[in-house]
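*Asks:* Residue numbers (our numbering): 8 to 226.
Each residue gets a CB set at the ideal place from its N, CA and C atoms; glycine is no exception.
As the structure is a prediction and not an experimental result, all values here were calculated from the model.
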């Protein structure tokens, strides 16, 4: 408790140019070092943002999603979204770790790990881009956005940032996402009048938000 209530622990991870110029290596702790969420928190954050998370306490665990089962090794296939259950309830198997979670350094279970590894490797970015779980949740979020009664794209972009990052977009971010919306409308061949109801457009917009660095790193 004393540690987490200390001034140093509660410092923001946002860097100030003046402090960086004087202490580029952050030896004096003028900002909190950026921390990536652990594997389970990343998966749960994706589910929570898409609106598909189940907050049920207890109950049966679920098998992780796999491309195909292997009954000889008792590797059974679960639903892609795990029925929305939090990662705490995903079954682990020593024969084959859960693919999405293992990319983000979740322990394999074969040896005791007193502290988890904290890596930052290309495979993690590729997982957020290409994993069918993330793509499926982007589609689910896009569906919810299309069904919501937002006045215009500007309001919807604000809602997305508040839901995913708990803050409004900056002016620069708002402009970038407005341009992205134009590009996606052209890519999907959607006229301006139908942009607010185009599920493919908002699926892609949601997927981009999932891939913002701030989504999986604590600022």
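What would DSSP say about residue 82, mapped onto helix, strand or coil?
*Replies:* Looking up residue 82 in the chain shown gives position 75. Secondary structure of residue 82 (DSSP, three-state): strand.
*Asks:* Please state if the CB of residue 143 and the CB of residue 88 are separated by a distance shorter than 8 Å.
*Replies:* Against the chain shown, residue 88 aligns to sequence position 81. Against the chain shown, residue 143 aligns to sequence position 136. Going by C-beta atoms, residue 88 is nearer than 8 Å to residue 143.
*Asks:* Using only the alpha-carbon positions, how far apart do residue 38 and residue 76 sit?
*Replies:* Indexing the chain shown from 1 puts residue 38 at position 31. Indexing the chain shown from 1 puts residue 76 at position 69. Those two C-alpha atoms are separated by around 47 Å.
*Asks:* My output table needs one value for residue 10: the three-state DSSP class, helix, strand or coil.
*Replies:* Position 3 of the chain shown, counted from the start, is the residue given in the question as residue 10. Reduced to three states, the DSSP call for residue 10 is coil.
*Asks:* Would you say residue 185 and residue 208 are within 8 Å of each other, going by their C-beta atoms?
*Replies:* Start at 1 with the first residue of the chain shown, and residue 185 comes out as number 178. Start at 1 with the first residue of the chain shown, and residue 208 comes out as number 201. No, these two residues do not count as a Cβ contact at 8 Å.
*Asks:* Apart from the five residues just before and just after residue 80, which ones in its own chain have a Cβ nearer than 6 Å to its Cβ?
*Replies:* Sequence index remark: in the chain shown, residue 80 carries index 73 (1-based). Cβ neighbours of residue 80 beyond the five flanking positions: 102.
*Asks:* Which residues mark the beginning and the end of the alpha helix (DSSP H) in which residue 137 is found?
*Replies:* For the purposes of this step, residue 137 is taken as residue 130 along the chain shown, with counting starting at 1. Where residue 137 is concerned, the enclosing alpha helix (DSSP H) stretches over 129-137.
*Asks:* In chain order, what residues of the same chain lie with their CB nearer than 7 Å to the CB of residue 112, ignoring the 5 residues before and after it?
*Replies:* For this step, residue 112 is matched to residue 105 along the chain shown. Within the same chain, residue 112 has close Cβ partners 46, 123, 124, 125, 126.
*Asks:* Is DSSP giving residue 109 helix, strand or coil here?
*Replies:* By 1-based counting over the chain shown, the position of residue 109 is 102. Residue 109 falls in the helix class under three-state DSSP.
*Asks:* Going along the chain, which unbroken runs of the alpha helix (DSSP H) with 4 or more residues stay wholly within the region 124-188?
*Replies:* 129-137, 139-154, 160-172
*Asks:* What first and last residue would you give for the alpha helix (DSSP H) that runs through residue 32?
*Replies:* Indexing the chain shown from 1 puts residue 32 at position 25. Segment: none, residue 32 is in no alpha helix (DSSP H) and carries neither H nor E.
*Asks:* Please report the straight-line C-alpha distance between residue 168 and residue 176, rounded to a whole angstrom.
*Replies:* In the chain shown, counting from the first residue as 1, residue 168 sits at position 161. In the chain shown, counting from the first residue as 1, residue 176 sits at position 169. So the two alpha carbons sit approximately 6 Å from each other.
*Asks:* If you draw a straight line from the C-alpha of residue 134 to the C-alpha of residue 140, how long is it?
*Replies:* Here residue 134 refers to the residue found at position 127 of the chain shown. Here residue 140 refers to the residue found at position 133 of the chain shown. Each residue's alpha carbon lies about 9 Å from the other.
*Asks:* Give the DSSP bridge partners of residue 224, in chain order.
*Replies:* Residue 224 sits at position 217 when you count from the first residue of the chain shown. Bridge partners of residue 224: 43.
*Asks:* With a Cβ-Cβ cutoff of 8 Å, do residue 91 and residue 71 count as a contact?
*Replies:* For the purposes of this step, residue 91 is taken as residue 84 along the chain shown, with counting starting at 1. For the purposes of this step, residue 71 is taken as residue 64 along the chain shown, with counting starting at 1. In this structure, residue 71 does not lie closer than 8 Å to residue 91 by Cβ.
*Asks:* Short of 7 Å in beta carbon distance, which residues of its chain neighbour residue 211, apart from the five on each side in sequence? Order them along the chain.
*Replies:* Counting from one through the chain shown, the residue named residue 211 turns up at place 204. Answer for residue 211: 191, listed in chain order.
*Asks:* Taking Cβ positions, are residue 205 and residue 215 nearer each other than 8 Å?
*Replies:* Numbered from its first residue, the chain shown carries residue 205 at position 198. Numbered from its first residue, the chain shown carries residue 215 at position 208. For residue 205 and residue 215, no; Cβs fall outside 8 Å.
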